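Q:
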Ligand code: SF4
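Residue numbers (our numbering): 40 to 710.
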């Protein structure tokens with residue numbers, strides 16, 4: 040299979056970098072950006088407010104990712120919101136001759152799409168500088184040869200066309216990261232590794248060291264050397280670099296096509312390694328035809344989106360990979376990848392990688408699951424392993440009883456506005472949720488927390504498996520309880536395991552929350568909102584909000600509303616979308632579909648839909664207000680309107696009231 044790779048020649052890049060081109064400062068002020076696009080070169084001055092929190096949705100909005108080749112270079116930053124404006128248009132970056140792009144904190148947050156750095160590189164950007172850089176985005180940059188740095192002194196050197204040591208972009212990176220940067224990308228590195236040109240660092244195990252659950256799973260899956268013949272080491276610790284053998288690898292139609300192109304360049308017609316543990320999903324764009332605008336259709340974007348689907352299906356067929364695809368008889372898909380992995384595949388103690396930032400979803404089952412970019416997917420198709428620098432862990436300890444009407448989503452919004460999280464302390468770290476509150480949450484509610492570890496910026500989220508986990512998996516899949524307990528053996532953190540920080544939350548103090556538009560970190564208690572906020576749209580669904588327990592909550596509020604003679608008012612358009620065909624069957628069996636329709640909801644077959652601006656429930660104008668149980672509300676994510684994130688109960692109560700309203704189980708909501 041890998042002969043093609045062994046014949047490929049790879050060389051290290053030169054030890055210095057000299058760039059010829061301009062610097063683009065991504066500023067909060069749209070006029071400053073326009074002036075740069077018109078040819079003005081700004082002098083760097085730290086008082087210039089740079090844009091923080093630039094998400095990959097802003098670098099390459101969902102519709103841009105319908106392209107999966109060099110054409111992406113026409114679009115970087117077309118979704119970048121500066122003030123209330125989108126100052127960067129198609130081809131502006133490419134035509135501007137920029138080689139370096141500079142922004143503030145948390146550059147590249149959000150989705151794991153490698154399309155973002157790929158679009159930047161295709162437009163000419165060679166260096167990205169930010170105050171800090173999100174893990175997946177940073178890795179994706181390195182994997183395709185885009186250099187990153189947090190050192191703002193490089194700006195002057197780049198501007199002057201000075202020769203800069205490559206070392207300046209390597210800093211204290213581990214050996215593997217260093218080799219990847221030196222070889223110019225992950226796939227080049229993979230070839231060097233297979234040829235024995237680089238060595239994977241040996242682990243020096245401290246047998247006295249106490250471990251977290253995540254560290255135990257990593258040690259069990261650690262490759263002893265670059266050959267991958269032996270798996271498992273006694274101990275690993277934060278900062279160790281190496282490779283993990285994966286149990287499951289999956290990707291969806293946004294990523295598989297680009298990955299298939301990379302694969303053909305990388306491995307020719309070779310088969311993928313162990314196709315039984317690879318899955319493809321058609322989930323993101325199954326409903327796109329229903330909402331795409333005429334403008335975008337005229338620009339060929341619907342055809343481009345269909346090409347993504349076709350390419351994935353053809354590649355799945357050619358390589359013999361299982362594809363959870365479209366429904367044969369109606370619009371929709373088998374399900375959202377994360378919910379299907381949760382319900383059908385993931386097991387405690389596994390290492391699972393997916394082409395999506397919400398892959399930590401199944402960390403609630405005691406897996407180590409994390410999102411990776413396209414190059415890492417391709418590498419894993421060949422080697423079954425994934426590169427890793429062991430992150431530190433953070434413990435979020437939640438104790439106390441949640442008040443009636445307060446859910447895991449409210450807890451998560453509270454976590455996201457915690458000062459430690461807001462300051463970026465959790466970025467790139469493993470978030471382990473513990474405490475008495477977590478112990479009593481259902482599996483689906485725990486999943487809401489691990490799913491949204493992505494919004495924290497964490498490497499992943501994890502919860503140690505317990506009796507609830509074992510019984511849930513057994514009931515869902517018919518696996519004998521004893522077999523699942525065997526998998527859970529040793530899967531808990533040692534009492535004196537080391538954490539970089541512990542965040543303590545008193546659950547009893549929590550109230551129903553919303554995250555105000557723009558960022559999931561904009562949390563505020565509903566009781567603290569200083570105005571009455573009417574809603575135009577309600578969308579309940581997504582990997583965060585379309586599990587069985589979420590629908591139990593939607594249905595319960597709908598039942599109460601219908602019994603009280605209430606339904607969604609005519610001023611509000613309300614949509615409920617199932618997370619998978621399994622969730623749909625569960626709901627139909629209980630009559631939830633009819634109940635929701637009676638309450639005024641349009642009920643949709645499974646898919647990601649409005650969550651990614653590609654299905655019924657998206658906004659169509661900036662003044663529209665949406666309340667939704669999805670996980671992120673970055674600008675433009677679900678249309679041009681304003682999205683409030685909220686719990687399943689709050690979304691339903693707000694749908695019926697027509698305005699943002701907390702659900703109260705202890706009083707008559709509909710009086
Ligand atoms: S439902 Fe939304 S957040 Fe979840 S995988 Fe789909 S697009 Fe991503």
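Glycine included, each C-beta is placed from N, C-alpha and C at the ideal position.
What you are looking at is a predicted structure, and each value in this text was computed from that prediction instead of being measured.
In terms of alpha-carbon separation, which member of 389, 339 and 674 lies closest to residue 116?
A: Locating residue 116 in the chain shown gives position 77, where the first residue counts as 1. Closest option to residue 116, Cα to Cα, is 674.
Q: Would you tell me roughly how many angstroms separate the C-alpha atoms of residue 369 and residue 650, rounded to the nearest one?
A: Mapped onto the chain shown, residue 369 falls at position 330. Mapped onto the chain shown, residue 650 falls at position 611. Answer to the nearest angstrom: the Cα atoms are 20 Å apart.
Q: Got a sec: does ligand 1 put a non-hydrogen atom nearer than 7 Å to the Cβ of residue 690?
A: Along the chain shown, one-based indexing puts residue 690 at 651. False, no ligand heavy atom lies under 7 Å from that Cβ.
Q: Quick check on DSSP: helix, strand or coil for residue 498?
A: Residue mapping note: residue 498 aligns to position 459 of the chain shown, counting from 1. Of the three classes helix, strand and coil, the one that applies to residue 498 here is coil, per DSSP.
Q: Any heavy atom of ligand 1 closer than 7 Å to the beta-carbon of residue 304?
A: Translated into positions along the chain shown, residue 304 becomes position 265. No, ligand 1 has no heavy atom inside 7 Å of this Cβ.
Q: For residue 227, which residues in the same chain have their Cβ closer than 7 Å to its Cβ, ignoring the five residues on either side in sequence?
A: Locating residue 227 in the chain shown gives position 188, counting from the first residue. Excluding sequence neighbours, residue 227 sits near 49.
Q: So, at 7 Å on beta carbons, what are the nonlocal neighbours of residue 378 in its own chain, with the 5 sequence-adjacent residues on each side left out?
A: The residue given as residue 378 occupies position 339 in the chain shown. Closer than 7 Å at Cβ, skipping near neighbours: 582, 585, 586, 618, 619 and 622.
Q: Ends of the alpha helix (DSSP H) at residue 177?
A: Here residue 177 refers to the residue found at position 138 when the chain shown is read from its first residue. First-last of the alpha helix (DSSP H) with residue 177: 174 to 182.
Q: Kindly confirm or deny that the stretch 392 to 403 and the stretch 487 to 495 touch, where touching means at least three C-beta pairs closer than 8 Å.
A: These segments touch.
Q: At what residue ranges does the stretch 350 to 437 contain a whole run of the beta strand (DSSP E), taking only runs of 3 or more?
A: With a minimum length of 3 residues, the continuous beta strand (DSSP E) runs that stay inside the stretch 350 to 437 are 361 to 363, 390 to 393, 407 to 410 and 424 to 428.
Q: Are the beta-carbon atoms belonging to residue 645 and residue 616 less than 8 Å from one another?
A: The count along the chain shown starts at 1 and reaches residue 645 at position 606. The count along the chain shown starts at 1 and reaches residue 616 at position 577. Against a cut-off of 8 Å, the Cβ pair of residue 616 and residue 645 comes out as a contact.
Q: Quick check on the burial criterion: 16 or more other C-beta atoms within 10 angstroms. Buried or exposed for residue 53?
A: One-based indexing of the chain shown puts residue 53 at position 14. The residue in question, residue 53, is exposed, as its Cβ has fewer than 16 Cβ neighbours within 10 Å.
Q: For the stretch 425 to 436 and the stretch 274 to 281, state whether three or more C-beta atom pairs, one from each stretch, are separated by less than 8 Å.
A: These segments touch.
Q: Out of curiosity, what's the CA-to-CA distance linking residue 319 and residue 462?
A: Here the question's residue 319 lines up with position 280 in the chain shown. Here the question's residue 462 lines up with position 423 in the chain shown. The straight-line gap from Cα to Cα measures roughly 36 Å.
Q: Would you call residue 437 buried or exposed, if buried means 16 or more other Cβ atoms sit within 10 Å of its Cβ?
A: Your numbering for residue 437 matches position 398 in the chain shown. Buried is the call here.
Q: Am I right that residue 398 and residue 408 are in contact with their C-beta atoms under 8 Å? What's the rounded C-beta distance?
A: What you label residue 398 is simply residue 359 of the chain shown in a count that begins at 1. What you label residue 408 is simply residue 369 of the chain shown in a count that begins at 1. Right, the Cβ-Cβ distance comes to about 5 Å (below 8 Å), so this counts as a contact.
Q: Out of 83, 119 and 102, point me to the one whose CA is closest to residue 91's CA.
A: The count along the chain shown starts at 1 and reaches residue 91 at position 52. When only C-alpha atoms are compared, the closest one is 119.
Q: Where residue 457 and residue 447 are concerned, what is the direct C-alpha to C-alpha distance, given to the nearest angstrom?
A: Here the question's residue 457 lines up with position 418 in the chain shown. Here the question's residue 447 lines up with position 408 in the chain shown. When rounded, the distance between both Cα atoms is 15 Å.
Q: Going by beta carbon distance, what residues of the same chain come within less than 6 Å of residue 449, once the five residues before and after it are set aside?
A: On the chain shown, position 410 is the one that residue 449 refers to. Only 549, 551, 552 and 686 meet the Cβ criterion.
Q: If you run the structure through DSSP and keep just helix, strand and coil, what is residue 506?
A: For the purposes of this step, residue 506 is taken as the residue at position 467 of the chain shown. Residue state, collapsed to three classes: helix.
Q: Kindly indicate which three-state DSSP category residue 563 falls into: helix, strand or coil?
A: Here residue 563 refers to the residue found at position 524 when the chain shown is read from its first residue. Reduced to three states, the DSSP call for residue 563 is strand.
Q: Within 7 Å: the Cβ of residue 375 and any heavy atom of ligand 1?
A: Taking the chain shown and counting its residues from 1, the one referred to as residue 375 is at position 336. Correct: residue 375 has its Cβ closer than 7 Å to ligand 1.
Q: DSSP three-state label for residue 668, please.
A: Here residue 668 corresponds to residue number 629 of the chain shown, with the count starting at 1. Residue state, collapsed to three classes: coil.
Q: List in chain order: all unbroken alpha helix (DSSP H) runs of 4+ residues lying wholly within the stretch 575 to 639.
A: If we require 4 residues or more, the alpha helix (DSSP H) runs fully inside the stretch 575 to 639 come out as 581 to 584, 587 to 602, 620 to 629 and 631 to 637.
Q: Is the beta carbon of residue 610 within less than 7 Å of some heavy atom of ligand 1?
A: By 1-based counting over the chain shown, the position of residue 610 is 571. Residue 610 Cβ: outside cutoff for every heavy atom of ligand 1.
Q: Helix, strand or coil for residue 50? Go by DSSP, reduced to three states.
A: Counting from 1 along the chain shown, the entry for residue 50 is found at position 11. Residue 50 falls in the coil class under three-state DSSP.
Q: Helix, strand or coil for residue 82? Go by DSSP, reduced to three states.
A: For this step, residue 82 is matched to residue 43 along the chain shown. Three-state DSSP puts residue 82 in coil, outside helix and strand.
Q: Since residue 58 contacts residue 200 with CB under 8 Å, what's their CB separation in whole angstroms?
A: Residue numbering aside, residue 58 sits at position 19 when the chain shown is read from its first letter. Residue numbering aside, residue 200 sits at position 161 when the chain shown is read from its first letter. About 7 Å; that satisfies the 8 Å criterion.
Q: Which same chain residues, not among the five before or five after residue 699, have their C-beta less than 7 Å away from its C-beta?
A: Taking the chain shown and counting its residues from 1, the one referred to as residue 699 is at position 660. Taken in chain order, the residues that qualify are 553, 565, 568, 572, 574, 666, 683 and 693.
Q: Should residue 416 be labelled buried (16 or more other beta-carbon atoms within 10 Å of its own) or exposed?
A: Position 377 of the chain shown, counting from 1, holds the residue named residue 416. Residue 416 comes out buried.
Q: CA-CA distance, residue 304 and residue 419?
A: Mapped onto the chain shown, residue 304 falls at position 265. Mapped onto the chain shown, residue 419 falls at position 380. The straight-line gap from Cα to Cα measures roughly 15 Å.
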